[in-house]
Amino acid sequence: MSRGRLLVVGSLVASLALVGVYLAAGGASYAPEKTQNPCKSRAWRNPGNLQQIAEQFSLSALDGAACELGVSREALARALASKEGRERFAKRYGIDDAKLAEAIRAGLVRAVDDAEEAGALSPFIAGPLRATVEQIPLPEAIELIRDARKTLSSLEDLLGPAGGLIEELIP
Amino acid sequence: MNPEAARPRVTALALAVGLVLADSSVVVLALPEIYRELDTSVAGVTWVLVSFNLVMALAAVPAALLARRAGPGRAAAVGLAVFAGAGLACGLADDLSTLILARCVQALGGAAAVTAALELLPATVGSERGAAHVWAAAGATGAALGPAIGGILTELVSWQSIFLLQVPVALVAAAPILAVARHEAATGVIEPELRRTGRPHLWANLALAMVSAAIAAALFLLVLLLIEGWRLTPIGAAIVVSVMPLAALLGSRLGGLVPSARARAAAGAILVSGGLGGLALLPKAEVALTVPPQILVGIGLSLVLSALTETALGGRSPQAIHGGWTISARHAGVVLGLLALTPIFTHDIEAQRRDAIDAGTAVILDSPVDPLLKIELAGKISDRLGGEKGKVPTLGPVFEPLPEDPGERAEAERLRDELQEQLDRGATHAFSPSFGLAALLGLLALVPIGLARRVEL
């Protein structure tokens, strides 16, 4: 084989070997992990206490609101962290406070539905809670998503005598 | 001319060619600094490179004609003086428009100097073939060394120093050429007749343009990946990309063992494409993984650029005008590569950045940390993103101060690492389509290289 051919064949082998090794090492799939579509329900992880219910309630509400707005759950979570974050989000996606409030309320309703379906909330609590979140003002709605623990633990106050059932009804 | 007397002039001419051709890539590592300092956009800062290469592409052949008419000594000396003066203006520019305008003038001077150098070299070296070899080797070395030198200067001094340093170097290169210019002034210039054999080598020049587009993309994109994506300093990136010129040295030795220019051109194009393919398929955000692809690109660029330049010049006269065509083809290729790939990768990097941040935020949201802390971390990430212009941010500060509780601390560190991993994945993946397209361009150059073979029969 002439030197010229040897050089061409050697270059081809070296190039294919490099590409092959990098492909085998996962080069074709080295990308950020895909986030889940917020419109698809997530299974609740066997909630064992109030904190876990509150966490999953928040995540479910975020999913529901993000689905309503057509954005990712993660982008919405970043937006709800601060007033500046909300302003950036509003500017980027062209979403005003009224639309945001409507979406968050819808998200909270979905969270109540999901909690009820997962057996984390009894229908006695889910019904009044659903009615409450459907009317809740935006600041309180955001606060509820940020931390649902306070609300769930103070349902007693919201629901009066029926609230006393919470501790018994949360599995 | 006796060899001893010729040596300083050959060195000066090679230095001039290397300096000018390095200039098409020397600012690559400084672009992120220029981008931030002059407060422009990625597309805007790309024009610091594009303008120089575009003017070189357009001016090379007219400059070669002018060099023959005015005298190559005078053209080279005036060209280097213009190059130096415009370099000074680049170094003093405080806005993007001035910088781009000065870069255009620099390219005009550079085109005159480089093409005139090729007209002067045969008489100095002793043969046209030898002159073509010196000219091609100086150009390939300059192009390969440019980014590393630019990166070191940017880090140690400033991006302006790249241009300011060119001034004395250009003047040093011009000094031995002044004697020729004086001789021309005293005796007058007799313009040699253009011979019919002077048609440019279409396929070799086309292949040069395509390979140059791929190589420009390799340099430009790799530098941006290292600095903007993986957060290396310019000097760190300069050290990393110096693998390419070192490999190019190896390539030129290898090329010396193979007489067939076609085989060297084909092998070089395959290696450049293979290296770019490797960069498109990086399996992890690790600097060491860029070394094997860079070795292939470095060896490949040395083989293919010199082989195609020699083919384009071989047996053709006048050398300066054919040199002008090769310069034109190379720089047109660089412009094509930059203009075609920049919009693709700027779009991809933004999309991947968003995906990476979303993936990182998802890790936080699904983690077992306190819900209030989750939202707080998400907010800090959002603020951090807004604060770093274009650059993939370092997210360590988002997690500061780390919790004192060992369990919480371990969880915070896990989250931080996972989030940074997602960002690294996003930054790396954002460059994959552009590297892949550049690899394809390099492979497509095999078509004109194959056709050149038929024509050469």
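Chains A and B, in that order, give the protein sequences.
Counting in our numbering, the first sequence runs from 500 upward without gaps.
Counting in our numbering, the second sequence runs from 131 upward without gaps.
Even glycine gets a Cβ: it sits at the ideal position worked out from N, Cα and C.
**Study point:** Listed by chain order, chain A residues near residue 506(B) by CB distance under 7 Å
**Key:** Against residue 506(B), the close residues of chain A are 580, in the order they occur along the chain (beta-carbon pairs closer than 7 Å).
Practice item. Can you tell me which of the three DSSP states residue 569(A) falls into? Key: Coil.
Point to revise | Pairwise C-alpha distance: residue 592(A) and residue 504(B) | key: Roughly 23 Å separates the two Cα atoms.
Exercise for review: Given a cut-off of 8 Å, decide if residue 561(A) and residue 576(A) are closer than it, judged by their beta-carbon atoms.
Suggested key: The answer is yes: Cβ separation under 8 Å.
Review point. Going by beta carbon distance, what residues of the same chain come within less than 6 Å of residue 529(B), once the five residues before and after it are set aside?
Key: Answer for residue 529(B): 542 and 546, listed in chain order.
**Study point:** Where the alpha helix (DSSP H) containing residue 541(A) begins and where it ends
**Key:** No alpha helix (DSSP H) holds residue 541(A); DSSP gives it neither H nor E.
**Study point:** chain A contact residues for residue 404(B), given Cβ-Cβ distances below 9 Å
**Key:** Ordered by position in chain A, the residues that pass the 9 Å Cβ test against residue 404(B) are 510, 511, 513, 514, 515, 516, 517 and 518.
Point to revise | Positions along the segment 381-402 of chain B whose CB lies within less than 8 Å of some CB in chain A | key: Of all residues in the segment 381-402 of chain B, the ones placed with a Cβ closer than 8 Å to any Cβ belonging to chain A are 384, 387, 388, 389, 390, 392, 393, 394, 396, 397, 398, 400 and 401, in chain order.
Point to revise | residue 559(B) at chain A interface by Cβ criterion, 8 Å | key: For residue 559(B), the answer is yes, since a Cβ of chain A falls inside 8 Å of its Cβ.
Check your understanding: Just checking, does the segment 626-642 of chain A make contact with the segment 599-611 of chain A on the three C-beta pairs under 8 Å criterion?
Key -> Contact between the segment 626-642 of chain A and the segment 599-611 of chain A is present, with at least three C-beta pairs closer than 8 Å.
Practice item. Under 8 Å between beta-carbons, which chain A residues line up against residue 492(B)? List them in chain order, please. Key: Per Cβ cutoff of 8 Å: 532, 534, 535, 572 and 573.
Exercise for review: Starting from residue 504(A), find everything on chain B with Cβ-Cβ shorter than 8 Å and list it in chain order.
Suggested key: Chain B residues near residue 504(A): 393.
Check your understanding: Any beta-carbon of chain B closer than 8 Å to the one on residue 620(A)?
Key -> Chain B, which has no Cβ nearer than 8 Å to the Cβ of residue 620(A), makes this no.
Practice item. Measure the C-alpha to C-alpha separation of residue 379(B) and residue 270(B) and round it to an integer number of angstroms. Key: Just so you know, the alpha carbons of residue 379(B) and residue 270(B) end up roughly 10 Å apart.
Exercise for review: Answer with yes or no whether the minimum CB distance from residue 507(A) to chain B is below 8 Å.
Suggested key: At least one chain B Cβ lies under 8 Å of residue 507(A).
Exercise for review: Assign residue 165(B) to one of three DSSP states: helix, strand, or coil.
Suggested key: For residue 165(B), the three-state secondary structure derived from DSSP is helix.
**Study point:** Below-8 Å beta-carbon distance, residue 489(B) vs any chain A residue
**Key:** Yes, because at least one Cβ of chain A sits closer than 8 Å to the Cβ of residue 489(B).
Check your understanding: In this structure, does DSSP put residue 223(B) in helix, strand or coil?
Key -> It is coil, neither helix nor strand.
Check your understanding: Where residue 373(B) and residue 428(B) are concerned, what is the direct C-alpha to C-alpha distance, given to the nearest angstrom?
Key -> Cα to Cα, the separation comes out at about 7 Å.
Check your understanding: From this set, 265(B), 280(B) and 138(B), which residue's C-alpha is nearest residue 310(B)'s C-alpha?
Key -> Out of 265(B), 280(B) and 138(B), 138(B) has the C-alpha closest to the C-alpha of residue 310(B).
Review point. Is it true that the CB of residue 507(A) sits closer than 8 Å to the CB of residue 391(B)?
Key: Not a contact, by the Cβ cut-off of 8 Å.
Exercise for review: Leaving out five residues on either side along the sequence, give the residues of the same chain with a beta carbon under 6 Å from the beta carbon of residue 433(B).
Suggested key: A distance below 6 Å between beta-carbons, with the five flanking residues on each side excluded, links residue 433(B) to the following residues of its chain, in chain order: 381, 385, 394, 397 and 398.
Practice item. For the segment 358-427 of chain B, list the alpha helix (DSSP H) runs that are entirely contained and at least 4 residues long, ordered along the chain. Key: Uninterrupted alpha helix (DSSP H) stretches at least 4 residues long and entirely within the segment 358-427 of chain B occur at 364-371, 373-386 and 391-410, given in chain order.
Point to revise | Top-ranked residue by Cα proximity to residue 369(B), from 187(B), 222(B), 275(B) and 225(B) | key: Ranking 187(B), 222(B), 275(B) and 225(B) by Cα distance to residue 369(B) puts 275(B) first.
Check your understanding: Within 8 Å (strictly less), CB to CB, does residue 578(B) reach chain A?
Key -> Judged by the 8 Å Cβ criterion, residue 578(B) is not in contact with chain A.
Exercise for review: Within 10 angstroms of the Cβ of residue 477(B), are there 16 or more other Cβ atoms? Answer buried if so, exposed if not.
Suggested key: It is exposed - the Cβ of residue 477(B) has fewer than 16 other Cβ atoms within 10 Å.
Exercise for review: Using a Cβ cut-off of 8 Å (strictly closer), state whether residue 609(A) contacts chain B.
Suggested key: Not one chain B Cβ lies under 8 Å of residue 609(A).
**Study point:** Spatial neighbours of residue 403(B) in its chain, beta-carbon cut-off 6 Å, leaving aside the 5 residues before and after
**Key:** Only 569, 572 and 573 meet the Cβ criterion.
Practice item. Keeping to the same chain, check which residues put their C-beta closer than 6 Å to that of residue 628(A); ignore five residues upstream and five downstream. Key: Taken in chain order, the residues that qualify are 611.
Point to revise | 7 Å Cβ shell around residue 194(B) - same chain, five flanking residues per side excluded | key: Same-chain partners within the cutoff: 245, 450, 451, 453 and 454.
Review point. How would you label residue 596(A), buried or exposed, when you count the other beta carbons within 10 angstroms and need 16 or more for buried?
Key: By the neighbour-count criterion, in which a residue is buried when 16 or more other Cβ atoms sit within 10 angstroms of its Cβ, residue 596(A) is exposed.
Practice item. Output, in sequence order along the chain, the residues in the segment 542-567 of chain A whose CB is closer than 7 Å to any CB in chain C. Key: Considering every chain present, this structure includes no chain C. Its protein chains are A and B.
Point to revise | Nearest to residue 607(A) (by Cα), restricted to the options 505(A), 553(A) and 590(A) | key: Taking only the C-alpha atoms, the option nearest residue 607(A) is 553(A).
Practice item. Starting from residue 592(A), follow the alpha helix (DSSP H) in both directions and report where the run begins and ends. Key: Element bounds for residue 592(A): 582-592.
Exercise for review: Classify residue 288(B) as helix, strand or coil using the three-state DSSP reduction.
Suggested key: Coil, per DSSP.
Point to revise | Same chain, Cβ closer than 6 Å to residue 273(B), five either side skipped, listed in chain order | key: These residues qualify, in order along the chain: 151 and 155.
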